[in-house]
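Visitor: Submitted below is the structure of interest, expressed as structure tokens.
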DNA sequence: CTTCCTGCAAAAGTTTTGCATTAAC
DNA sequence: GTTAATGCAAAACTTTTGCAGGAAG
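Given below as structure tokens:
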């Protein structure tokens, strides 16, 4: 939903290609990680990934290792939020550029897309930062508040 | 620089008032934490705070405790970034609203102010999120890239 | 003086790593 | 068959907590 890759097959083909280009194998546990991440349009914590991954034979240490390796290969992106857990989502080159709604109650993040006008406005800020000698690669924009469940 | 409180005395008076209102004491170690945070216009990690704080008799466990308590009292704000360390800065009610430049090389964050037009553009997004049932309290906007030192 | 805060050391929680075994190609 | 990836258990780190002693008001 809202992903650039409509079918899972297409996604796995792309990921497989990208891993092979990095001399990495598309093993069963990496496949499981990608599958779990693709199932939700929001970043997941390691415990969340494990719940669904364990039944596909995914061990905790492999999950951590896979996520780091997949991030290095440009398949996964680390997402840092307000609580103790690092979160992970598929890379924007696979799902499209988006931002997040972060619930300060339960910690949950949901994907959130913004208007093109807003994205264009960011460009002016990039110029300003560049003038300070900062080389801009990306940006992060989140709205913080209460999700539907936590708003009571 | 860019802070609402020009003098340190004014800052400590405000902080002291805010703590007393919360039935908390402005102890020596809380004073040290505030002083260290006020000295830099960027969020600091706990190790960074300790380096300067130790010589003022600041213990690690007290630093963590103070930072959490000061955050609860609205004097300090937790800032989450890309690495393993939580960062802390003075609350925006003391320093003014701002955003951050985050270096993906060394992890450093620096304060960054944006135009009023950009801030106004965020309001439209808040409306959009509200329509999804999300109650917005705040926002976070960071530019990610390489700081002057890491850009080579 | 009474209550809150501190410091130490131990515990808790998340993430990483060493190494023998297994799976991918 | 080779080489890379896995799984287990142990280690490394960051952050929190219990409790006796000390400081703030």
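Residue numbers (this note's numbering), protein chains in the order written: chain P, 2 to 153; chain Y, 2 to 153. Each residue gets a CB set at the ideal place from its N, CA and C atoms; glycine is no exception. Values in this document were obtained by computation on a predicted structure and should not be read as measured data.
#1: Alpha carbon to alpha carbon, how far is residue 77(Y) from residue 51(Y)?
#2: Measure from the C-beta of residue 135(Y) to each C-beta in chain P and report whether the shortest distance is under 7 Å.
#3: Residue ranges of each alpha helix (DSSP H) run of no fewer than 4 residues wholly in the stretch 8-60 of chain Y, ordered along the chain?
#4: Give me, in chain order, the residues of the same chain whose beta-carbon lies closer than 6 Å to that of residue 2(Y); leave out the 5 immediate sequence neighbours on both sides.
#5: Less than 7 Å separating the beta-carbons of residue 137(Y) and residue 144(P)?
#6: Would a check of beta-carbon distances place residue 60(P) closer than 7 Å to chain Y?
#7: Which residues in the same chain have their Cβ closer than 6 Å to the Cβ of residue 123(Y), if we skip the five residues on either side of it in sequence?
#8: Please list, in chain order, the chain P residues whose beta carbon lies closer than 8 Å to that of residue 147(Y).
#9: What in chain Y is Cβ-close to residue 89(P), meaning under 7 Å?
#10: Output the distance between the C-alpha atoms of residue 85(Y) and residue 128(P), rounded to the nearest integer angstrom.
#11: Whole angstroms is fine: what's the gap from residue 60(Y)'s alpha carbon to residue 46(Y)'s?
#12: Does the beta-carbon distance from residue 108(Y) to residue 92(Y) come in below 7 Å?
#13: With three or more beta-carbon pairs closer than 8 Å as the criterion, would you say the stretch 87-105 of chain Y touches the stretch 62-74 of chain P?
#14: Thinking C-alpha only, which one of 39(Y), 83(Y) and 31(Y) is nearest residue 62(Y)?
#15: Could you give the distance in angstroms between the alpha-carbon of residue 40(Y) and the alpha-carbon of residue 117(P)?
#16: Give a yes or no on whether 7 Å exceeds the smallest Cβ distance from residue 45(Y) to chain P.
#17: What residues are listed by DSSP as bridge partners for residue 112(Y)?
Guide: Taking the geometry as given:
#1: For this step, residue 77(Y) is matched to residue 76 along the second chain. For this step, residue 51(Y) is matched to residue 50 along the second chain. Computed Cα separation, rounded: 16 Å.
#2: Reading the second chain from its first residue, position 134 is the one you call residue 135(Y). By this cut-off, residue 135(Y) is an interface position.
#3: 9-22, 29-40 and 47-54
#4: Here residue 2(Y) refers to the residue found at position 1 of the second chain. Note that residue 2(Y) has pLDDT 45, beneath the 50 cutoff, so the model's placement of it is unreliable and no number is given.
#5: In the second chain, counting from the first residue as 1, residue 137(Y) sits at position 136. In the first chain, counting from the first residue as 1, residue 144(P) sits at position 143. Against a cut-off of 7 Å, the Cβ pair of residue 144(P) and residue 137(Y) comes out as a contact.
#6: Here residue 60(P) corresponds to residue number 59 of the first chain, with the count starting at 1. So, not an interface residue.
#7: Within the second chain, residue 123(Y) is the residue found at index 122, counting from 1. If we look at residue 123(Y) and ignore the five residues flanking it on each side, its Cβ neighbours are 140.
#8: In the second chain, the residue the question calls residue 147(Y) occupies position 146. What residue 147(Y) touches in chain P: 135, 136 and 138.
#9: Against the first chain, residue 89(P) aligns to sequence position 88. Result: empty, since nearest Cβ-Cβ is about 13 Å, beyond 7 Å.
#10: The sequence position of residue 85(Y) within the second chain is 84, counting from 1. The sequence position of residue 128(P) within the first chain is 127, counting from 1. Distance between the alpha carbons of residue 85(Y) and residue 128(P) is about 29 Å.
#11: Translated into the one-based positions of the second chain, residue 60(Y) becomes position 59. Translated into the one-based positions of the second chain, residue 46(Y) becomes position 45. Between residue 60(Y) and residue 46(Y), the C-alpha separation is close to 15 Å.
#12: Locating residue 108(Y) in the second chain gives position 107, counting from the first residue. Locating residue 92(Y) in the second chain gives position 91, counting from the first residue. Contact: no.
#13: no
#14: As a working mapping, residue 62(Y) is identified with position 61 in the second chain. Ranking 39(Y), 83(Y) and 31(Y) by Cα distance to residue 62(Y) puts 31(Y) first.
#15: Here residue 40(Y) corresponds to residue number 39 of the second chain, with the count starting at 1. Here residue 117(P) corresponds to residue number 116 of the first chain, with the count starting at 1. The alpha-carbon atoms of residue 40(Y) and residue 117(P) are separated by roughly 38 Å.
#16: Sequence index remark: in the second chain, residue 45(Y) carries index 44 (1-based). Closer than 7 Å: no.
#17: Taking the first residue of the second chain as 1, we reach residue 112(Y) at position 111. Residue 112(Y) is bridged to 101(Y).
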